[in-house]
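Quick note: the sequence shown uses our numbering, first residue 998, plus one each step.
C-beta: ideal position from N, C-alpha, C; glycine also.
Some notes on the structure that comes next.
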Amino acid sequence: MLNLLQKYNVAAPRYTSYPTVPHWDTQDFNTSSYISGLKTAYASYSAAGISLYIHLPFCESLCTYCGCNTRITKNHKVESPYIDALLKEWEIYKKLLGETPKIKELHLGGGTPTFFSAENLKYLLENILAGQKETGDYSFEAHPDNTTLEHLQVLYSMGFTRISLGIQDFDPRVQFLINRFQTVSQVDAITKSAREIGYTSVNYDLIYGLPGQSKTGLINTIQEVVQLKPDRIAFYSYAHVPWVKPGQRHFTEQDLPQGQAKFELYELGKKMLNEAGYEEIGMDHFALSTDALFKSKLAGQLHRNFMGYTPMHTKILIGLGVSSISDCSNGYAQNEKKVEDYLSRIAMAELPIQKGHLSTSQDQKIRTQILALMCQEALWIESADLPKIKARLASLITDELVEVQGNWINVKPLGKSFLRNICMALDEKMWEKNTAGLLFSAAI
Ligand SMILES: C[S@@+](CC[C@H](N)C(=O)[O-])C[C@H]1O[C@@H](n2cnc3c(N)ncnc32)[C@H](O)[C@@H]1O
Ligand code: SF4
998 MLNLLQKYNV AAPRYTSYPT VPHWDTQDFN TSSYISGLKT AYASYSAAGI SLYIHLPFCE
1058 SLCTYCGCNT RITKNHKVES PYIDALLKEW EIYKKLLGET PKIKELHLGG GTPTFFSAEN
1118 LKYLLENILA GQKETGDYSF EAHPDNTTLE HLQVLYSMGF TRISLGIQDF DPRVQFLINR
1178 FQTVSQVDAI TKSAREIGYT SVNYDLIYGL PGQSKTGLIN TIQEVVQLKP DRIAFYSYAH
1238 VPWVKPGQRH FTEQDLPQGQ AKFELYELGK KMLNEAGYEE IGMDHFALST DALFKSKLAG
1298 QLHRNFMGYT PMHTKILIGL GVSSISDCSN GYAQNEKKVE DYLSRIAMAE LPIQKGHLST
1358 SQDQKIRTQI LALMCQEALW IESADLPKIK ARLASLITDE LVEVQGNWIN VKPLGKSFLR
1418 NICMALDEKM WEKNTAGLLF SAAI
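Pasting the structure below:
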């Protein structure tokens, strides 16, 4: 196994989009073409409804490992102007589409949505959801340290049934190094309250490969976690990108479990989760067999977008807020990444798009192929493409991570831990530009 790790522990994308953001053709992008692509897609897919992602970037303190787009502040006066901007952005989209889209899936991410007061979230959501005839799959990310009963009640009353709690690790030494503190009893109390209120799915985020993480600490964390029985668990590989996130320089690389040590943490966590009844859904995700994600995987309907794995497939994702990414199925657009730039674009009544990519038919084909590998762990390849892809997979085939049977590429059990490496064989942009090592975090 050590040999495999050394061989495949290369920089690799997570493939929440294809092309991946660093490979977007931003030079050829223009907002008006994106908008006409969105309108065309909406004309075909509006009846099925859209996914809406709202990025709420503020956090009260910086967790040093964090790779998300955040703004650290203790000043809660930032809430109202930001919410007003989100509502204006939604109005712009509604005007462009000529109606209020049906929201099939809604996710509040961040940053920390629970940084905002329950009252402000209520105001935001009452306005966003005005005109919806039925609720959909609504979820939000919550920090155990500032999630209140009022947050849970208000969001449930607005139709939210899924909550995702950031935990990462309960080990006090790790929590100290990552400057992030939450106790088992806080998480327990929120989980119980959420269930009493009526939430039907509770997710916990855990990370392996954090500074100071040890097997003993991880065993304790997972034992605590499985006692609380969340429906889903995301078990992420720590992404170390200090050149993008200088906060990660608060600890040294010597503090990080790497290579074999990191992989052993993953294997240990995975084994414990399997033994506790959690099924592996796809890269990084586990769920109880009663959960919608597991059922959709069994039914072959699992999908993956910028929000991660989801049980439903909408063709259009609109992202509101700073740094959010929208996906109109024939192109991507990302909003301004700085709060000030976002607010000033909205003040000028403009869509705050900073960059994007207009997909070619080849991009769309590869995107579908990567999704099949990520969600179904199997892919049917056209005969014309087979020799090239087979040649790129040669060493993964020899190492029994993947097999080719006729036109089918099947991920083998051990290959599930190397999904990102397998998908790289399809990533034409990466092969064209040969830039992998410079842009992404390590695959394992
Ligand atoms: C926006 S945060 C979750 C909500 C809330 N801000 C919190 O921290 O509880 C999203 C999740 O991304 C994951 N994450 C953040 N930085 C990461 C990194 N560098 N590597 C891997 N996962 C990371 C964490 O598991 C985190 O819970
Ligand atoms: S992990 Fe969550 S709370 Fe911590 S800085 Fe990142 S987004 Fe904020």
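Please list, in chain order, all residues of the same chain as residue i whose beta carbon is under 6 Å from its beta carbon, the five residues on each side excluded.
i, result
"L1436", "Model confidence at L1436 stands at a pLDDT of 49, short of 50, so the residue's coordinates are unreliable and nothing is read from them."
"C1325", "G1034, L1035, A1038 and I1313"
"E1057", "K1071"
"G1316", "Y1050, I1322 and S1323"
"Q1179", "P1141 and D1142"
"T1013", "F1303"
"K1119", "V1151"
"K1099", "G1046"
Counting only the same chain and skipping the five closest in sequence on each side, list residues whose C-beta sits under 7 Å from that of residue i.
i, result
"A1369", "A1375 and L1376"
"E1221", "F1167 and V1181"
"I1378", "I1386, N1404 and I1406"
"G1328", "Y1031, G1034, G1353, H1354, L1355 and S1356"
"Q1150", "I1194"
"Y1235", "Y1062, I1204, Y1205, G1206 and L1207"
"E1123", "none"
"T1311", "A1045, G1046, I1047, S1048, K1101 and E1102"
"S1190", "L1146 and L1149"
Going by the C-beta, is residue i closer than 7 Å to any heavy atom of ligand 2?
i, result
"T1144", "no"
"H1140", "yes"
"C1372", "no"
"G1046", "no"
"L1105", "no"
"G1318", "no"
"L1059", "yes"
"T1023", "no"
With C-beta atoms as the reference, is residue i less than 8 Å away from residue j?
i, j, result
"N1332", "S1341", "no"
"Y1135", "F1113", "no"
"A1139", "L1103", "no"
"I1175", "Y1062", "yes"
"P1308", "S1293", "yes"
"P1110", "G1318", "no"
"R983", "D1288", "The shown model of the chain, from 998 to 1441, leaves out residue 983, and the question about it has no answer."
"P1227", "Y1201", "yes"
"C1060", "R1170", "no"
"A1115", "H1148", "yes"
"T1097", "G1133", "no"
"V1223", "I1160", "no"
"E1131", "I1343", "no"
"I1350", "A1381", "no"
"I1089", "L1121", "no"
"F1137", "L1152", "yes"
"Y1275", "L1285", "yes"
May I ask which residues mark the beginning and end of the beta strand (DSSP E) holding residue i?
i, result
"L1105", "I1100 to G1107"
"Y1050", "I1047 to L1053"
"I1493", "Any answer about residue 1493 is impossible in this case: the structure gives the chain only from 998 up to 1441."
"S1283", "Note on residue identity: the sequence assigns Phe, not Ser, to residue 1283. H1282 to L1285 is the span of the beta strand (DSSP E), which, as asked, contains F1283."
"L1401", "Residue identity check: residue 1401 is Val in the sequence provided, not Leu. Unbroken beta strand (DSSP E) run through V1401: V1399 to Q1402."
"V1137", "Checking the sequence shown, residue 1137 turns out to be Phe, not Val. Residues D1134 to A1139."
"E1276", "Y1275 to G1279"
Going by DSSP, what residue range makes up the alpha helix (DSSP H) through residue i?
i, result
"G1034", "T1028 to Y1042"
"E1131", "Careful: E1131 lies outside any alpha helix (DSSP H) and carries neither H nor E."
"Y1263", "G1256 to E1272"
"H1310", "Element bounds for H1310: n/a, residue is neither H nor E."
"N1418", "L1416 to M1421"
"H1300", "Per DSSP, H1300 belongs to no alpha helix (DSSP H); it is in the beta strand (DSSP E), H1300 to N1302."
"N1124", "A1115 to I1125"
"E1088", "E1076 to L1094"
"K1413", "Premise fails: K1413 is in no alpha helix (DSSP H) and is neither H nor E."
"E1147", "L1146 to S1154"
"K1071", "Run containing K1071: none; DSSP gives neither H nor E here."
Using only the heavy atoms of ligand 1, determine whether one of them is closer than 7 Å to the beta carbon of residue i.
i, result
"C1325", "no"
"Y1446", "Residue 1446 is absent from the structure shown; the chain starts at 998 and stops at 1441."
"I1204", "yes"
"T1132", "no"
"G1128", "no"
"Y1135", "no"
"Y1443", "This structure leaves residue 1443 out entirely; the chain is present only between 998 and 1441."
With a CB to CB cut of under 8 Å and the five nearest residues on each side skipped, what residues in its chain are close to residue i?
i, result
"V1408", "L1370, E1374, A1375, L1398, V1399, L1416 and I1419"
"S1077", "N1117"
"G1266", "L1203, Y1205, L1215, I1219 and F1232"
"D1185", "L1225"
"E1425", "Q1359 and I1363"
"H1282", "R1229, I1230, A1231, F1232, L1290, G1305 and Y1306"
* Any alpha helix (DSSP H) of 4 or more consecutive residues that is wholly inside the region 1160 to 1241 -> Fully enclosed alpha helix (DSSP H) runs of 4 or longer: 1169 to 1175, 1181 to 1194 and 1212 to 1225.
* Asked: Considering only residues of the region 1318 to 1393, which uninterrupted beta strand (DSSP E) runs meet the minimum length of 3 residues and lie entirely inside it, listed in chain order?
  -> DSSP runs (the beta strand (DSSP E)) wholly in the region 1318 to 1393: 1322 to 1324, 1328 to 1332, 1350 to 1355 and 1375 to 1377.
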